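Have a look at the structure below, then the notes.
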Amino acid sequence: MGIMRCKIHGRVGFVEACAHIAKQIDTQKLPNCHRLTIMGNIFVCDDCFNSLGFERFASLASLPLAEVIKLDDGRIEAFEAAYDRIEGRRAFCLSCVAELECHSANVDWFMGATAAEPAAP
Ligand SMILES: [Zn+2]
Ligand SMILES: [Zn+2]
220 MGIMRCKIHG
230 RVGFVEACAH
240 IAKQIDTQKL
250 PNCHRLTIMG
260 NIFVCDDCFN
270 SLGFERFASL
280 ASLPLAEVIK
290 LDDGRIEAFE
300 AAYDRIEGRR
310 AFCLSCVAEL
320 ECHSANVDWF
330 MGATAAEPAA
340 P
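So the sequence shown is numbered by our numbering: it starts at 220 and just counts up by one.
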């Protein structure tokens, strides 16, 4: 988890995406991806998710961060190794990605993750 500086939103949290999802975000497409919230926000495409074995870490995503950092069963190390191998990993402003998401009905993931909530109809 970290902070980045966005030209539009200032100091914000960020999403990290594999090269394939980064390309979708660059072209203002709604990223069609797996979303993992483990020590941060990670977007990976099907191919990266499968080839790096991210399904092994689904159980980590459901744990609070305070629990995750206390684990000593090797899952964190395995997760970090897979994370390091995400192809062309890039960081994107959480608010910018949330704005992209607002065009879709699937905004639940961002609730609580950002202050930029979609306006009520
Ligand atoms: Zn990918
Ligand atoms: Zn932004």
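Don't be surprised by glycine CBs; every beta carbon is placed ideally from N, CA and C. Every value quoted in this text rests on a predicted model; they were computed, and no experiment measured them.
Buried versus exposed call for residue i [16 or more other C-beta atoms within 10 Å across all chains shown]
i	result
residue 317	buried
residue 314	buried
residue 284	exposed
residue 261	buried
residue 300	exposed
residue 227	exposed
residue 288	exposed
heavy atom of ligand 2 below 6 Å from residue i C-beta
i	result
residue 227	yes
residue 321	no
residue 345	Only positions 220 to 340 of the chain appear in the structure, and residue 345 is not among them; the question remains open.
Inter-residue spacing [alpha-carbon to alpha-carbon] between residue i and residue j
i	j	result
residue 267	residue 256	16 Å
residue 232	residue 273	22 Å
residue 225	residue 312	6 Å
residue 223	residue 286	25 Å
residue 269	residue 302	13 Å
residue 297	residue 278	13 Å
How would the residue list near ligand 1 read, in chain order, if you kept each one whose beta-carbon is closer than 5 Å to any heavy atom? 237, 239, 264, 267
Validate contact between the region 225-242 and the region 297-311 using beta carbons, cut 8 Å, 3 pairs: yes
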